[in-house]
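Participant:
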Amino acid sequence: MKNLLIALLALVYTTGAMAQSKETMSTNKTLVAYFSCTGTTKSAAQKLAKNIGADLYEIKPQKPYTSADLNWHNRNSRSSVEMKDSSSRPAISGKIVDMKQYDTVFVGFPIWWDLAPTIINTFLESYDFSGKTVIPFATSGGSSISNSEKNLRKAYPKIKWETGKLMN
Numbered sequence: 001m002k003n004l005l006i007a008l009l010a011l012v013y014t015t016g017a018m019a020q021s022k023e024t025m026s027t028n029k030t031l032v033a034y035f036s037c038t039g040t041t042k043s044a045a046q047k048l049a050k051n052i053g054a055d056l057y058e059i060k061p062q063k064p065y066t067s068a069d070l071n072w073h074n075r076n077s078r079s080s081v082e083m084k085d086s087s088s089r090p091a092i093s094g095k096i097v098d099m100k101q102y103d104t105v106f107v108g109f110p111i112w113w114d115l116a117p118t119i120i121n122t123f124l125e126s127y128d129f130s131g132k133t134v135i136p137f138a139t140s141g142g143s144s145i146s147n148s149e150k151n152l153r154k155a156y157p158k159i160k161w162e163t164g165k166l167m168n
């Protein structure tokens, strides 16, 4: 009888704790923000947002990139020029209505020159990420996310970063 009572108390306690955890989790809101030129990162972001039940936001450049802009073989292409200039901050079209509502923000991008495109810096500098967890994710034809992640952590040490993932 004593064992049955202990088992019932444990069940009631864990059920209550689990309900509280679910309630806390449901108040946490997640955003998947992404930058994509060719659609690869967009596809990864859409799948991620759907799987975790997050809101989706596209980081759109004010001036869209053309195929010529993305030609990394051309040293004078827009993307090449931006990536050579660490102070480059391409303008973003549109803003998130209320960043304060999010506790976790996934930030997705294609890897350019082993780094996050400079428009990601524009995004990170446009909002207050205090108290938020930021998780990078990336797509790439051959680079890992480690150098991009290392550089983002170094550039934005006040952000609470979680380990990122390459999503090819």
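Just so we're aligned: 165 in full-length UniProt numbering is position 165 of the sequence shown, and the numbers increase by one with no gaps anywhere.
Even for Gly, the Cβ is constructed at its ideal location relative to N, Cα and C.
Remember, it's a predicted structure, so these values are computed and weren't measured experimentally.
(1) How big is the Cα-Cα spacing for Ser93 and Thr41?
(2) Have a look at Ser43, Thr133, Phe129 and Pro117 and flag the residue whose alpha-carbon is nearest the alpha-carbon of Asn147.
(3) Just to confirm my understanding: we take Ile96, look at its own chain, exclude 5 residues before and 5 after, and list those with CB closer than 6 Å. What are they?
(4) What does the Cβ neighbour count give for Pro110, buried or exposed, with the cut at 16 atoms within 10 Å?
(5) For Pro64, count the other beta carbons within 10 Å of its own beta carbon; 16 or more makes it buried, fewer makes it exposed. Which is it?
(6) Which one of Arg153, Ser77 and Pro61 has the shortest CA to CA distance from Ala68?
(7) Judging by CA-CA distance, which residue of Leu152, Cys37 and Phe106 is the nearest neighbour of Thr133?
(8) Less than 9 Å between the C-beta atoms of Leu166 and Ser140, yes or no?
Facilitator: In short, the structure shows the following:
(1) A direct Cα-Cα distance of roughly 18 Å separates Ser93 from Thr41.
(2) Nearest of Ser43, Thr133, Phe129 and Pro117 to Asn147, Cα basis: Pro117.
(3) Here the set comprises Tyr57.
(4) Within 10 angstroms of the beta-carbon of Pro110 lie 16 or more other beta-carbons, which makes it buried.
(5) With fewer than 16 other CB atoms across the displayed protein chains lying within 10 angstroms of its CB, Pro64 is exposed.
(6) It is Ser77 whose Cα lies nearest to the Cα of Ala68.
(7) Out of Leu152, Cys37 and Phe106, Phe106 has the C-alpha closest to the C-alpha of Thr133.
(8) If you check the CB distance, Leu166 and Ser140 come in under 9 Å.
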